[in-house]
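Input: a single structure, listed below in structure tokens.
Chains as they are written, first to last, in our numbering: chain D, 1 to 139; chain C, 140 to 1271.
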């Protein structure tokens, strides 16, 4: 059973890694002026909810399967994701707003955030991998 | 530049050659590339533009053909007559205003102006005795250099011409360009005393003869010859002049760099030390950064020398450049290359031409000496004034009696002379801090305030086949670039070395070849280019105007439709545009009505679309029609419109769907949508709910400053993508959620107008205001499908933008429409330290399509010095610009956080900067609250901001009104924003002619500014308050009888009517003075401020008193209390 949990987490984590990389690529495209703010933001906003859900699922799964350490590790990031999603002002077009993204260094902070998440997901990936192998061996 | 572009260029050249060959004969007859001044008043709203245009390119442009050289002979002639009229702005211009193709006399004239008008560096030469022949030298050098060229390594001055000569000399056979031949002719002509040099040997002799024979030729020769007639040898020593003249006629790429390299126009260093430092550091920088050794050296020299050579007064005692060097410490870091080159430079010179060294020394050093002297003196005096600590608590009359002027950057005066007008381009800190750390220490915001599309009375327009830009950062060539030599210039933003294109070598103003540094592009910080077809993504759009009227019951009640239609009818012929102008109308209540104005119809046809969920356009082709061809039908419609809906009982408003329909209608062409709305949109997409709670108005909490839906924002971005701008006129008695509606204008680069409680009967003042503003709105200049880019020197970066537009990419602002009344602001940070720079530059380039269908680029460039100490940063603080930028930031803050946060931030800005000044700059801690003199008005202005409608608390401000004021803060140019924030108060019942201005034979009295405090008002006076868009004339109860009868035209105080908004024109001295003063104030701004004449019992008295910002109100501190509060915080 445990192995199944970790296999799922691993897959989910891979998806999140890809998503982070996609965010980074798209944001840097915007930075380099390859795409305009409008299309960049509409691309990214589409994936904000999947990211929140994907991460929340793993977090909840860890809670259910009583892996406290991993759960606590995931909790801040998941909370941040949800908080960020909820706190979008109603007049904005999503977490990424084309009219704001070039202001007040938002682009940079989005970029930084995506980088941190990528690092975090990579860390989780190896953790899940290790746990999965451990679980498979134990089985 | 991309490879395609390059190949394109090549193609162009070839075509050009061919064209020239075939056109040979006409070209000879008319001097090529002359600037022609033409008046084009129709096009420019304001009169008196100076238009330079190159005949050749004009034609090009018209033909859209890349063939650069063909031009019609008639062009210059036809315009030339008008030229004199154009010139007035510059006294000197008048002279140099020779037109088109003419003669000796004109050329002679030109010389005079050359001295005054042209690049400062040049002037000294021509002015000074030794250099008397200097101007002519420009020609002779060619010979010299030509002769010498075979020898190799030259002094900088001499070489560049050589280069060009070489090219030419090879060229003639294959490429008989008019200018080239004429140029050669110059050479031979002036050179006549000399034996033919290698150059002339190469050249094709017929060429020169031709030239001589040509009408233009001889005059040139003559004019130059005279001065030049001084013994030919003289010219040789002068050659080095070149460099100083426009700094960097650097060394030839081949030769060793000369000892003394004159240099760039980078600003004169404020003092020697600074100069040396920077020079040294620059060197270091150059070495590290440079890939190309030669270039590096050049640049170094150029930068170093720039300030020096720029001085106009050659002083007899020359501090040696060498000395300068030795004084300039820190040469250890010199790259070996530099040392080598510098040393050999001198020998090289001597070897090549004995006279050179002397000549060059003479020229450079004097410049150096005076420069230092004057600069340091200037700095000293400035220091004393700008940094003088002011004890704010003791200074009772802090406000100067005249309007505050923008501080002048501490640059060498010659560079400052070229700098951009502060009304167009202003920086909060005129001394840019070298590092971010220094900026942080100063606690002052760094940013720019722009008014790029301001109506200008004089604007040079250049038509040229190539627009010279930096190849890596795309900066337009500007007065602050440095010319390394005649063929290369160094970008002042990214420091890349670029080639000077062939066309740019010829200066059409002076008709001299080889003076790229005297071209108008390099002489004017504000200039407009006619853009060739590379700057168009599609053919320039026609002007398209669409009017969208709310005709619901509520709207009809206000009666606005009458006013608007009448004003529109009156101004139909004045709409900016040409024969292509299109116009259309939409009205809406809960349905959308379109009007078909098809040709041939006897009356306009109304089409009603009731499906507002899925809007479609019925018969799209007849809804937007040509204004000129269908004028009668349009006039019929405008006359009928106000009566059509008088019986309407429909109360709903489907603004969202109407906007969608308008967008669909406009999207193929782009253009301007003017929306008139009178209530909260209630049905269809974009319907809004009332969010204002009247009881909460006074508190700063829980007020809705953010939009409630993203519908308008999305639509605005769609509009922006299709080059459509939406201007919103909100005439509403009740809450209409401007926060949401305003987005439609904000992101599509439109503007917002708000007329609170508009009613045609109950509120006649608003009616007049709407009439006046609508007239201005309809007739002002407009630019379509515009983009603006703001560039700044490497190391600085722009991180936040304020204004109405959409930021499409990091530095590109998309402006579907641009109008002359819009201002913009940006915030900057120092990303990399500016250690190696003496000056930094900023450039804004606005590319737009004029209403005549021309693509134009308006470029403004500003240059500012970099400083290393905190006291210098404070010295250069521009308190008005800082206030303006803070206001913009505060609007952002109140939207993203809360209003009280924004207010706190404003107060903290004062506290932080004053305490930073106190702790870091003041050596003696004085009691009280001290501020540098440059910032002495800072607390006052911030207090004014806090009491402004946008940020005030405690009073009953309507939400829409507050948001409208915020829109204005974001969209108004600084001048008007300052007037709005801190109005000017004058006493007008005792105007005298003392110190009066004389403008066009009118005497305009200049009463002193008064502080905004009731204490300054006296009951027996009359006071004029100028708050930008509105003026108040307050009449005291015991005001002199003579003023009341002779200015107001009424017998006594009691009989002054309640709603008086006009002063009668009476035939008394007092009346004439008062009216002259008020109309002078009005003339200075594009809109028409309404004058309210108020008495003690007028309802408007409260608005008058609200502007008395130094006084205490129920909820806000008085100025003195505010100072005490700040002092308490600062001294903590």
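Yeah, the Cβ is synthetic: ideal placement off N, Cα and C, and Gly gets one too.
Leaving aside the five residues that flank residue 1148(C) on each side, the residues in its chain whose CB is nearer than 8 angstroms to its CB run, in chain order, 538, 539, 540, 541, 542, 1123, 1124, 1125. Secondary structure within the segment 1121-1174 of chain C: the beta strand (DSSP E) runs of 3 or more consecutive residues, fully enclosed, are 1123-1126, 1136-1138, 1141-1143, 1161-1165, 1169-1174 (chain order).
Taken through DSSP and simplified to helix, strand or coil, residue 1004(C) comes out as strand.
Within the same chain, and ignoring the five residues on either side of residue 593(C) in sequence, the residues whose Cβ sits closer than 8 angstroms to its Cβ are 562, 563, 959, 1112. Nearest C-alpha to residue 866(C) among 896(C), 1152(C), 872(C), 916(C): 916(C). Interface with chain D (8 angstroms Cβ-Cβ cutoff): residue 806(C) is excluded. Between residue 36(D) and residue 93(D) the beta-carbon gap is near 14 angstroms, outside 8 angstroms, which marks them as no contact. Only those residues of the segment 885-903 of chain C whose C-beta falls short of 9 angstroms from the nearest C-beta of chain D are listed: 885, 886. Secondary structure within the segment 1052-1126 of chain C: the alpha helix (DSSP H) runs of 4 or more consecutive residues, fully enclosed, are 1077-1085, 1098-1110, 1113-1120 (chain order). In the DSSP assignment, the residues bridged to residue 957(C) are 922(C). Look at residue 888(C) here: in three-state DSSP terms it is coil, with no helix or strand label.
A direct Cα-to-Cα measurement between residue 985(C) and residue 1011(C) gives close to 32 angstroms.
Closer than 8 angstroms to the CB of residue 104(D) there is at least one CB belonging to chain C. When C-beta distances to chain D are compared with 9 angstroms, the residues of the segment 861-880 of chain C below that value are 878, 879, in chain order.
Annotation for residue 23(D): 44, 114 place their beta carbon closer than 7 angstroms to its own, counting only its chain and skipping 5 residues before and after.
Each residue's CA atom was taken as its position, placing residue 1259(C) and residue 1058(C) some 22 angstroms apart.
For residue 84(D), not one C-beta of chain C is nearer than 8 angstroms to its own C-beta.
Using a Cβ distance threshold of 8 angstroms, residue 48(D) and residue 85(D) count as a contacting pair.
With a threshold of 8 angstroms between beta carbons, residue 613(C) makes no contact with chain D. Residue 954(C) places its beta carbon less than 8 angstroms from that of residue 927(C). Apart from sequence neighbours up to five positions away, the residues of its chain that approach residue 918(C) with a beta-carbon distance below 8 angstroms are 184, 710, 713, 714, 715, ordered along the chain.
Residues of the segment 51-67 of chain D that bring their beta carbon within less than 9 angstroms of a beta carbon in chain C are absent altogether.
Judged by beta-carbon spacing, residue 1009(C) lies beyond the 8 angstroms limit of residue 531(C), meaning their Cβ atoms are not closer than that value. The beta carbon of residue 849(C) falls within 8 angstroms of a beta carbon belonging to chain D, placing the residue at that interface. Excluding five sequence positions before and after residue 751(C), the CB atoms of its chain that fall closer than 6 angstroms to its own CB belong to 793, 796, 823, given in chain order. Looking at 33(D), 133(D), 117(D), 97(D), the one whose alpha-carbon comes closest to that of residue 13(D) is 117(D). The straight-line gap separating the alpha-carbon atoms of residue 730(C) and residue 885(C) is approximately 26 angstroms. Secondary structure note for residue 864(C): it is in no alpha helix (DSSP H), and the uninterrupted beta strand (DSSP E) holding it is 863-871. In this structure, residue 983(C) keeps its C-beta atom at 8 angstroms or more from the C-beta atom of residue 585(C).
If you keep only unbroken beta strand (DSSP E) runs of at least 3 residues inside the segment 792-852 of chain C, you get 810-816. Take residue 21(D), set aside five residues on each side of it, and the residues of its chain with a beta-carbon closer than 7 angstroms to its own are 118, in chain order. Between residue 1213(C) and residue 1130(C), the CB-CB gap stays under 8 angstroms.
Look at the beta carbons and you see the segment 775-786 of chain C not touching the segment 754-763 of chain C: under three pairs across the two are nearer than 8 angstroms. Beta-bridge pairing by DSSP links residue 566(C) to 587(C).
With contacts defined by Cβ atoms closer than 8 angstroms, residue 1017(C) and residue 559(C) do not form a contacting pair.
The beta carbon of residue 1060(C) lies closer than 8 angstroms to those of 526, 1009, 1010, 1013, 1071 in the same chain, with the five residues before and after it left out.
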